[in-house]
Amino acid sequence: MHTLVIGAGLAGLTCARALLRAGHQVSVFEADDDVGGRVRSDTHNGFTFDRGFQVLFTAYPAARRQLVYPELDLQPFDPGAIICEGGRRAILTDPLRDHDPAAVLGAALSLVIGPADKLRTLALAAEFRGRSVDELLVGPDEPTEAFLRERGFSRAAIERFFRPFYGGIFLDRSLSTSAKCFKFDFKMLSDGDTVVPARGMGAISRQLAAELQAAGCIRLNTRVVALATEGERVTGITLADGSLVMGDAVVVATPAPEAARLSGLPMPEGFVGTTNLYFAGARQLYRGKKLLLNAAPDAFVNNAVLISNVAPSYAPPGMHLLSASVLGVPPLDDDELFRRALADLRCMFAGDRAALQVLDSYRPLRIYRIPYAQFAQPPGLHPGLPDNRSGRPGLFFAAEFTEASSINAAMISGEKCAAALLEGSP
Ligand SMILES: Cc1cc2nc3c(=O)[nH]c(=O)nc-3n(C[C@H](O)[C@H](O)[C@H](O)COP(=O)(O)OP(=O)(O)OC[C@H]3O[C@@H](n4cnc5c(N)ncnc54)[C@H](O)[C@@H]3O)c2cc1C
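To convert a position in the sequence shown, counted from 1, into the numbering used here, add 25.
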């Protein structure tokens, strides 16, 4: 049995590796110059740049099955966040998990989020820890904001914390994303650590790809332009150079728009994007490993982090790397993007003269514009997502769009697709 996999993102790699381990012949065709799809990192002058700010939740069930965590040298964030608003910075943390006494004390004294909301957050974490993922996700869906209101969270908590924090996760501050996504992510945040690998998020993809590359199964810089068919059955693929490759099964492991183009089948259409800016300097902007959230209603930068505080290996010795995330892809040139982001970062540190001096010494390094970062996930979308079996003989899907938009979902899709192929039915 020879399976052709189109795309070497996390889903395609997970599927292909499972097939290889089961003794099947598998060939992966990747249009780009390296594996990883949306989970890639670049290195330059001793800096590591993830292609878009992105994190791994160690509690992700599929990541626990698929990855060897110790080999990734995972570097954890501190729980909670620093909320920046109106010239003030307030610490929000989980007192049960934060090892920094100053952060716990600061959070206890902070009035940015009131005590009732802090208790509601702790209660939700305790409730979700005691329930399985399946239990959490049954029942009707609704927008995240409606769920938060039902659970009694105040307007202040929603505006100051949930909107920027989950805006950064969903890449959309409207909190109109499915509450199922919120519940799952909230549980993952409560059940484990939030981390990046010491060598960048791309190390996740490289680990998944290693066995396949050693077996010579991956062809980079190889775009698939069409599926080959005999009647209804998909029998192979056509590459950009016009050559035809025949196989027993074809797995489309691309983002949804390309899967729709190749297969002619309907796929989820909405999407969200982001722009990631990097700055660097010789002085440390702030201490600790917390994410900075911009609670300003007109925020340009949604969230930022001195990522070299979390993973010192992201910057060369004596340097610090600041990662700032803007939601969407504003139609601005690089200079204007850096200028607007820096102006917003200055607002986030307003009143802290020492931090502002440090910020002014940082130089802009790099920008990633990512128009298609995740497919949009409004309430009620997930039950109608495509199946791993396309319904056409010989054609399968392994991609986030069969599950949800996340690292975990992409891996689950890869696992399920491999299982479907190994079962042997169309
Ligand atoms: C900036 C950003 C932040 C994110 N943050 C998080 C986060 O913090 N946590 C989280 O869990 N998830 C996050 N995600 C989502 C997560 O990264 C994705 O859900 C996941 O990586 C999707 O994997 P995939 O394999 O389905 O698709 P992809 O990674 O898109 O892989 C598809 C592959 O197919 C290739 N391809 C496309 N067309 C062709 C063709 N015609 N021929 C050959 N190859 C082709 C592409 O080059 C690509 O390599 C984020 C994503 C982005 C971009």
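Where a beta carbon is used, it is the ideal one built from N, C-alpha and C, also for glycine. The structure displayed is predicted, hence computed values, not measured ones.
Using a threshold of 9 Å, state whether the C-beta atoms of residue i and residue j are closer than that.
| i | j | result |
| --- | --- | --- |
| Ser66 | Ala228 | yes |
| Phe54 | Arg244 | yes |
| Ala223 | Asp98 | yes |
| Ser438 | Phe400 | no |
| Arg312 | Asn334 | yes |
| Tyr387 | Gly77 | no |
| Phe186 | Asp159 | no |
| Pro404 | Ala204 | yes |
| Met226 | Tyr85 | no |
| Phe296 | Lys208 | no |
| Gly62 | Ser288 | no |
| Ala329 | Leu347 | yes |
| Ala368 | Phe325 | yes |
| Phe421 | Ala281 | no |
| Leu384 | Leu310 | yes |
| Thr202 | Phe195 | yes |
| Glu440 | Ala87 | yes |
| Leu161 | Ile432 | no |
| Pro396 | Asp359 | no |
| Gly193 | Cys372 | no |
| Ala36 | Cys442 | yes |
Run the CB neighbour count on residue i, radius 10 Å, all protein chains shown included, and call it buried at 16 or more, exposed below.
| i | result |
| --- | --- |
| Ser215 | buried |
| Thr39 | buried |
| Ser268 | exposed |
| Gln100 | buried |
| Gly459 | Lying outside 26 to 451, the shown extent of the chain, residue 459 is not represented and no answer is given. |
| Gln79 | buried |
| Val64 | buried |
| Thr260 | buried |
With residue i as the anchor, note down where its alpha helix (DSSP H) starts and where it stops.
| i | result |
| --- | --- |
| Ala413 | One detail in the question is off: residue 413 reads as Asn in this sequence, not Ala. No alpha helix (DSSP H) holds Asn413; DSSP gives it neither H nor E. |
| Val335 | 332-335 |
| Pro86 | 86-91 |
| Asn70 | That residue, Asn70, is in no alpha helix (DSSP H); it is neither H nor E in DSSP. |
| Leu144 | 140-154 |
| Thr169 | 169-175 |
| Gln238 | 227-239 |
| Leu290 | From DSSP, Leu290 is part of no alpha helix (DSSP H); its letter is neither H nor E. |
| Pro95 | 94-97 |
| Glu160 | 158-162 |
| Val383 | 378-386 |
| Pro342 | Premise fails: Pro342 is in no alpha helix (DSSP H) and is neither H nor E. |
Hey, out of the options, whose CA is closest to residue i's CA?
| i | options | result |
| --- | --- | --- |
| Ala340 | Leu252, Gly306, Asn328 | Gly306 |
| Cys206 | Gly419, Pro418, His407, Ala444 | His407 |
| Leu200 | Ser179, Leu173, Pro282, Leu147 | Leu173 |
| Leu29 | Glu110, Asp266, Val275 | Val275 |
| Glu361 | Glu283, Leu302, Asp75, Val277 | Leu302 |
| Val354 | Leu347, Ala398, Leu316 | Ala398 |
| Ile31 | Arg42, Met436, Ser52, Thr300 | Ser52 |
| Ala445 | Val249, Ala435, Phe211, Asp412 | Asp412 |
| Val249 | Glu428, Ala284, Ala434 | Ala284 |
| Thr263 | Leu252, Gly256, Asp369, Gly272 | Leu252 |
| Tyr191 | Leu381, Glu175, Ala181, Thr169 | Thr169 |
| Glu255 | Arg63, Arg198, Val221, Gly272 | Gly272 |
| Ala115 | Asp377, Ala151, Gly409 | Asp377 |
| Ile107 | Leu317, Glu448, Leu290, Asn246 | Leu317 |
| Gly34 | Gly449, Ala434, Ala151 | Ala434 |
| Ile332 | Leu410, Val221, Leu233, Cys442 | Val221 |
| Arg145 | Ala320, Glu175, Asp359 | Glu175 |
| Asn70 | Gly409, Met344, Pro418 | Met344 |
| Leu233 | His27, Glu428, Ala43 | Ala43 |
For residue i, report the span of its beta strand (DSSP E) as first-last.
| i | result |
| --- | --- |
| Arg271 | Note that residue 271 is Met in the sequence shown, not Arg. From DSSP, the beta strand (DSSP E) with Met271 extends over 269-271. |
| Ala319 | In the sequence as displayed, the identity of residue 319 is Asn instead of Ala. Its beta strand (DSSP E) spans residues 316-319. |
| Cys258 | Looking at the sequence provided, one finds Arg at residue 258 rather than Cys. Where Arg258 is concerned, the enclosing beta strand (DSSP E) stretches over 258-264. |
| Ser430 | Counting along the chain, Ser430 falls outside any beta strand (DSSP E), and DSSP gives it neither H nor E. |
Looking only at DSSP bridge pairs, what is residue i linked to?
| i | result |
| --- | --- |
| Ile116 | Ile107 |
| Asp358 | Asp358 pairs with nothing; no bridge assigned. |
| His27 | Gln50 |
| Arg391 | Tyr303 |
| Phe400 | Phe296 |
| Arg275 | Correcting the residue identity first, residue 275 is Val in this sequence and not Arg. Leu29, Leu420, per the DSSP bridge assignment. |
| Ser348 | Tyr303, Val330 |
| Gln100 | Val221 |
| Ala251 | Thr263 |
| Asp75 | Ser66 |
| Phe207 | Answer is none; Phe207 lacks a bridge partner. |
| Ile243 | Val53 |
Does the Cβ of residue i lie closer than 8 Å to at least one heavy atom of ligand 3?
| i | result |
| --- | --- |
| Ile432 | Among the ligands present in this structure, namely ligand 1, ligand 3 is not found. |
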